[in-house]
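Have a look at the structure below, then the notes.
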Amino acid sequence: MAKTNPGRFFEDYQLGQTIEHAVPRTVSGGERALYHALYPARHALYSSDAFAQASGLPGSPIDDLAAFHVIFGKTVPDVSLNAVANLGYAEGRWHLPVYAGDTLRSTSEVIGLKQNSNGKTGVVYVRTRGLNQRDETVMDYVRWVMVRKRDIDAPAPETVVPTLSKSIAASDLVIPQGLTFADYNFTLAGEPHRLSDYTIGEQIDHVDGVTIEEAEHMIATRLWQNTAKVHFDATFRPDGQRLIYGGHVISMARALSFNGLANAQMIVGLNAGAHANPCFSGDTVKAWSEVLDIAETSAPGVGAIRLRLVATKGGAPFVLRGEDGKYDPNVLLDLDYWALMPL
Amino acid sequence: MAKTNPGRFFEDYQLGQTIEHAVPRTVSGGERALYHALYPARHALYSSDAFAQASGLPGSPIDDLAAFHVIFGKTVPDVSLNAVANLGYAEGRWHLPVYAGDTLRSTSEVIGLKQNSNGKTGVVYVRTRGLNQRDETVMDYVRWVMVRKRDIDAPAPETVVPTLSKSIAASDLVIPQGLTFADYNFTLAGEPHRLSDYTIGEQIDHVDGVTIEEAEHMIATRLWQNTAKVHFDATFRPDGQRLIYGGHVISMARALSFNGLANAQMIVGLNAGAHANPCFSGDTVKAWSEVLDIAETSAPGVGAIRLRLVATKGGAPFVLRGEDGKYDPNVLLDLDYWALMPL
Amino acid sequence: MAKTNPGRFFEDYQLGQTIEHAVPRTVSGGERALYHALYPARHALYSSDAFAQASGLPGSPIDDLAAFHVIFGKTVPDVSLNAVANLGYAEGRWHLPVYAGDTLRSTSEVIGLKQNSNGKTGVVYVRTRGLNQRDETVMDYVRWVMVRKRDIDAPAPETVVPTLSKSIAASDLVIPQGLTFADYNFTLAGEPHRLSDYTIGEQIDHVDGVTIEEAEHMIATRLWQNTAKVHFDATFRPDGQRLIYGGHVISMARALSFNGLANAQMIVGLNAGAHANPCFSGDTVKAWSEVLDIAETSAPGVGAIRLRLVATKGGAPFVLRGEDGKYDPNVLLDLDYWALMPL
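Protein chains in written order, with my numbering: chain S, 1 to 343; chain V, 1001 to 1343; chain A, 2001 to 2343.
As structure tokens, then:
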């Protein structure tokens, strides 16, 4: 009996199937420190227990994207080991902050299947749920990937494509219990801009750039226990390059967005996301944002801002697609998310 | 008086001498997170407090190899600063798991001395013991190294070569108090294979590979406070290469072995080990294992598996030695250890 | 309204102005582990809770230089974003050890202003104070930087150059409450040399060297939330090189100085410092020290040693300046500090 995991192929997924992913993970101050060492992350609520406590939380949580990476990483051996492409995200919501000492695990439900017309691959839609040690849902999101078939002659399953929201309604965002920005300290947070200072359609060039190193993206990706070969083994791709985990680019761009969005504190919704072009060591990642929507929430002083976050590896800011409608070759990431910001 | 440490030379060792090594070390969640960031480590018992507690432990320990590295690192300034070669390991046993908050220190007893026939070097055998803040032995092992003489004319000591076990008897392995695999969750652990699924002589190709970066092996080696020049200073060797700490290769190979040996949870015995060839930045490390023995233990549901773990930097799996009996040039490590696995 | 921080220009500073710097930071065992992973730090008091407790402290503090970097990093967006040069440090004192769980923030008072004769830049002197979550001063120091003017025609402010001590008097050093070296364990600390073994004028070559990698200095610099572009963005400088944060060189040199100064445990005073030449990836950093002064303190068994610490990237030790009085091109750092050492 072969002992190693060959990963699932398209015909191994069934609609409605639930996959319990392996290797639960307890996070600590170590993960938090590493997150700050790997990304230029400065959002005060994730940097300071005192700031988080003044915002009504028991302490500073692990960065929302770190929680996402841990939950996502567990799905890789079951969902994307034989994936040709990571096609999209939708309906991502953070339900609970994650604190040092919490143990995270993940499960995924297969909610859609569609064989491609070439007969060689298919698209698998999963709704992944991250759970803590009390079996509470920490976050959930839908992801769809294109997966190879093991046997080209395997019959195609019935096509089921789930209906997914283009964007989470502001009223469906989960606001962490007790959160308040009523006494928000803009000086300590780093910028004076409150929600009312932003307008829909406004674009922000985050100015700073970070040149990516192999050691750093591998350290990050391993930390989330995402062990897909393509990120680590320089002999795996014919070109000898290690493909950088898309989540590394997400975290880098989000951290860079501090400069102009220092008060977009907590990420609570992931509406959509595309890894437009691959990122490799040596690329210098920059970021720009566009305000897509603005909303109130039920928590004191807390508003919500919907942002497009674009990571690039060159070129001018605010360029997203060419005339052909395709992503500009310098665009790495196009992410659509909701964050919480003081009113 | 010269203030810097020149290291000990062969004639500085006396049989029966005990060396108390410097710089005790308190470990925390930081060391644990870094271990997971530096190696693709996924064994559930070291990743999740909840999983460790379900196995009868108070929480998730620091990886056994991390404990080994901390203990080993302290011996370097006293044992191997003037070493020409690290020749072997034997009789290594882990006595107690190490938890965040524990403080480790090391002592070594000289148990053998043998001057080489060239008169320029000699072999020193030490039994090293790692102790925690309660002076309990955490692990012990024998190591022998070839060390330069300071003065070629110094008289040779009486030759004493200790008798060392080829392998620790399964009955001599120390099983952590309270450990049970009676309710072991194979799904969360990542693989269904239990001890009875493995057969003596079985070989497993762990498939995955990691290309080594300078920054990573230096971060790792420093974390264990192993500060041997050769690992850090590119001007030290004539070829300008930094030799990678052998322990980095051990941990990398062990972590890669998750894929096929996810249930070989705790390392409890180190029977033998050879760093067959040097490893340098740019090498892509892969690993394969061979089952050498299988045994029962006194703990509920807990068996022991003796494994040969081979790290390579290329070539086909399962190639160990050439026709001349020498290690294949692609073999980096040949390690013989005992791990605990659910029956 | 532009949302990103353009940094302050020379004419934006007023004498007596107090700047409250953003993004407070809670440190944990993660920061401590990373410090040991990034630098070959082995001073026992920062490595072992047990050793620190035997010295009268509640536990092992975060390295004094890590505390300095955290406090310094917060000032970068307000003080040195448009700096042309970091000119000097003076009157730095550590007032309280920092422990895991402490939250640090920084404030700076403008204590001097002097426009340069070229009319394009000026020198700003600030006294920076690091505070913990109880608003206690953790450390303070004076720094002066040359900053660009935004508008060359802006009128020059009145010139005020503060009078700064060349060196802190030993009697003004703050000794941590409860500190004692009465039962100091020289074996565990790593070297037998006590204060009386050192003589003023003595020079020590620390022997070891570390070749610098891009990934490492970026990880370190980000950890202190110092996000100056020049350290991270390879497209920022015309030569495509990333300038290494001067504090990285300070920490590297201090850690290397363990070999010969293992008992110079706690840093309590920063008398002066110059970043003599820039450091880049690929440089091999070595260090040497010179004993500048020796003093007693009020704490049991605790003396103070004033040291010049010089980091180099090549050349022979003990070379500081050329015949023209300028720093030798191989000198990276010239630091003058006080440390506590057993009598």
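C-beta: ideal position from N, C-alpha, C; glycine also.
{"query": "Where Val2070(A) sits in the DSSP three-state scheme", "result": "helix"}
{"query": "For Gly59(S), the nearest candidate out of Val70(S), Ile71(S), Ala66(S) and Tyr46(S) (CA to CA)", "result": "Tyr46(S)"}
{"query": "Contacts that Pro77(S) makes with chain A (C-beta to C-beta distance below 7 Å)", "result": "Those within 7 Å of Pro77(S) in chain A number zero; the least Cβ separation is about 26 Å."}
{"query": "Bounding residues of the beta strand (DSSP E) (the contiguous stretch that carries Arg1306(V))", "result": "Val1302 to Thr1312"}
{"query": "Beta-carbon neighbours of Ala1033(V), restricted to chain A and to distances below 7 Å", "result": "Gly2030"}
{"query": "Residue span of the alpha helix (DSSP H) that contains His2095(A), given as start and end", "result": "Counting along the chain, His2095(A) falls outside any alpha helix (DSSP H), and DSSP gives it neither H nor E."}
{"query": "For Pro77(S), the three-state DSSP class (helix, strand or coil)", "result": "helix"}
{"query": "Beta-carbon gap between Ile1175(V) and Thr1297(V) smaller than 9 Å", "result": "yes"}
{"query": "Close beta carbons around Phe181(S), own chain, < 6 Å, minus the five adjacent residues each side", "result": "Gly301, Val302 and Pro342"}
{"query": "Ile2250(A) versus Leu2335(A): straight-line alpha-carbon distance, rounded", "result": "8 Å"}
{"query": "Chain-order list of residues whose beta-carbon lies under 7 Å from that of Thr2199(A) (same chain, five-residue window excluded)", "result": "Val2291"}
{"query": "Proximity test, Cβ basis, 9 Å: His36(S) and chain A", "result": "yes"}
{"query": "9 Å Cβ cutoff, Ala1100(V) in contact with chain A", "result": "yes"}
{"query": "Gly1247(V) and Phe1072(V) closer than 9 Å at C-beta", "result": "yes"}
{"query": "Inside the region 1232-1256 of chain V only - alpha helix (DSSP H) runs reaching at least 4 residues", "result": "1246-1256"}
{"query": "Straight-line Cα distance separating Arg2129(A) from Ser2108(A)", "result": "6 Å"}
{"query": "Residue closest to Val319(S), alpha-carbon to alpha-carbon, out of Tyr125(S), Val23(S) and Ser289(S)", "result": "Ser289(S)"}
{"query": "Continuous alpha helix (DSSP H) stretch holding Glu2216(A): start and end", "result": "Glu2214 to Leu2223"}
{"query": "Stretch pair the region 1069-1085 of chain V + the region 1094-1111 of chain V: three plus CB contacts closer than 8 Å", "result": "yes"}
{"query": "Neighbourhood of Lys2114(A) by C-beta, 7 Å cutoff - its chain only, sequence neighbours within 5 removed", "result": "Gly2122, Val2123, Thr2159 and Val2161"}
{"query": "The region 1079-1090 of chain V touching the region 1135-1150 of chain V, judged by at least three CB pairs closer than 8 Å", "result": "yes"}
{"query": "DSSP-derived helix/strand/coil call for Gln203(S)", "result": "strand"}
{"query": "Cutoff 9 Å: Thr103(S) Cβ touching any chain A Cβ", "result": "no"}
{"query": "Chain-order list of residues whose beta-carbon lies under 6 Å from that of Asn2259(A) (same chain, five-residue window excluded)", "result": "His2206, Val2207 and Asp2208"}
{"query": "Closest Cα partner of Asn5(S) within the set Leu81(S), Ala339(S) and Trp338(S)", "result": "Leu81(S)"}
{"query": "Whether Ile2062(A) touches Tyr2099(A) by CB criterion (9 Å)", "result": "yes"}
{"query": "Where Gly2059(A) falls: helix, strand or coil (DSSP)", "result": "coil"}
{"query": "Cβ of Arg150(S) within 9 Å of any chain V Cβ", "result": "no"}
{"query": "Whole-Å CB distance - Tyr2327(A) paired with Ala2276(A), under 8 Å assumed", "result": "4 Å"}
{"query": "Chain S contact residues for Met2218(A), given Cβ-Cβ distances below 8 Å", "result": "Val210, Glu213 and Glu216"}
{"query": "Reduced DSSP secondary structure (H/G/I, E/B, other) of Glu31(S)", "result": "helix"}
{"query": "Anticipated Cβ contact below 8 Å, Val285(S) with Leu332(S), distance rounded", "result": "7 Å"}
{"query": "Same chain only: Cβ atoms within 6 Å of Gln2017(A), ignoring 5 sequence neighbours per side", "result": "Val2110"}
{"query": "Coarse secondary structure for Lys1229(V), derived from DSSP in three states", "result": "helix"}
{"query": "Buried versus exposed, by CB contacts within 10 Å (16 or more), Gln177(S)", "result": "exposed"}
{"query": "Where Asp1012(V) falls: helix, strand or coil (DSSP)", "result": "helix"}
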